[in-house]
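Using our numbering, read the sequence shown as starting at -14 and increasing by one per residue. Note that the Cβ used here is the ideal one computed from N, Cα and C, for glycine as well. Note that the structure is predicted; figures quoted are calculated from it, not measured.
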Amino acid sequence: MDLKAPHSMGTTIIGVTYDGGVVLGADSRTSTGMYVANRASDKITQLTDNVYVCRSGSAADSQIVSDYVRYFLHQHTIQLGQPATVKVAANLVRLLSYNNKNMLETGLIVGGWDKYEGGKIYGVPLGGTIIEQPFAIGESLGVGLNWGNLKFIGPGSLRICSPKPGV
-14 MDLKAPHSMG
-4 TTIIGVTYDG
6 GVVLGADSRT
16 STGMYVANRA
26 SDKITQLTDN
36 VYVCRSGSAA
46 DSQIVSDYVR
56 YFLHQHTIQL
66 GQPATVKVAA
76 NLVRLLSYNN
86 KNMLETGLIV
96 GGWDKYEGGK
106 IYGVPLGGTI
116 IEQPFAIGES
126 LGVGLNWGNL
136 KFIGPGSLRI
146 CSPKPGV
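Here is the structure:
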């Protein structure tokens, strides 16, 4: 066991829009190789009063991206006198991820609500692409997902379904 390995989250994260806003979720375990470094870590980080980010991949990389984006959004709010939109926050995450794509090992889901567009979810995977979606599911380090439990019906609706036998 390599105890000097970088902390990685081995994470499952999810963001879903619905009629009243968004729901974000993440597991809570952080690992270093096979060693569980923390069983109760918080992988959902507040960027502003109305925007949050779900973090996966390298814990250090995702934390520094979140810290920089929070700082830039605070400056944005001071200069414009109003809170930043979810799209602005997601584009800042995208910009930092893309400009540092050779050094960062993190995937993020940005979600929140603003008065202009309502609830929004943006996925920013490795490499800094930005994808606006009604829902986003992310993971790192080969953590499997049970895709049979979620079924997207249409804009703003999500049903939790029982998995089919054999799925």
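From what residue to what residue does the alpha helix (DSSP H) around residue i run?
i	result
Q67	First-last for Q67: undefined, no H or E at that position.
Enumerate in chain order the residues of its own chain whose CB-to-CB distance from residue i is below 7 Å, with the five nearest sequence positions on each side excluded.
i	result
R55	L32
T30	Y37, V38, R40 and S51
Report the three-state DSSP secondary structure of residue i (helix, strand or coil).
i	result
Y3	strand
D12	coil
A25	coil
I115	coil
D34	coil
Y101	coil
Less than 8 Å between C-beta atoms, sequence neighbours within five positions excluded: which residues of the same chain meet that for residue i?
i	result
E102	T70, V71 and K72
By Cβ distance below 6 Å, which residues in the same chain neighbour residue i in space, the five residues on each side in sequence not counted?
i	result
V109	V78, R79, S82, L93 and I115
K105	V71
Identify the continuous beta strand (DSSP E) that holds residue i and give its terminal residues.
i	result
E124	F120 to E124
- request: Run through the region 69 to 96 for me and flag every whole alpha helix (DSSP H) of 4 or more residues, listed as ranges in chain order.
  value: 71 to 84, all fully within the region 69 to 96.
- prompt: Should the region 18 to 25 be regarded as contacting the region 61 to 77, the criterion being three or more beta carbon pairs within less than 8 Å?
  reply: Counting Cβ pairs under 8 Å, fewer than three are found: no touch.
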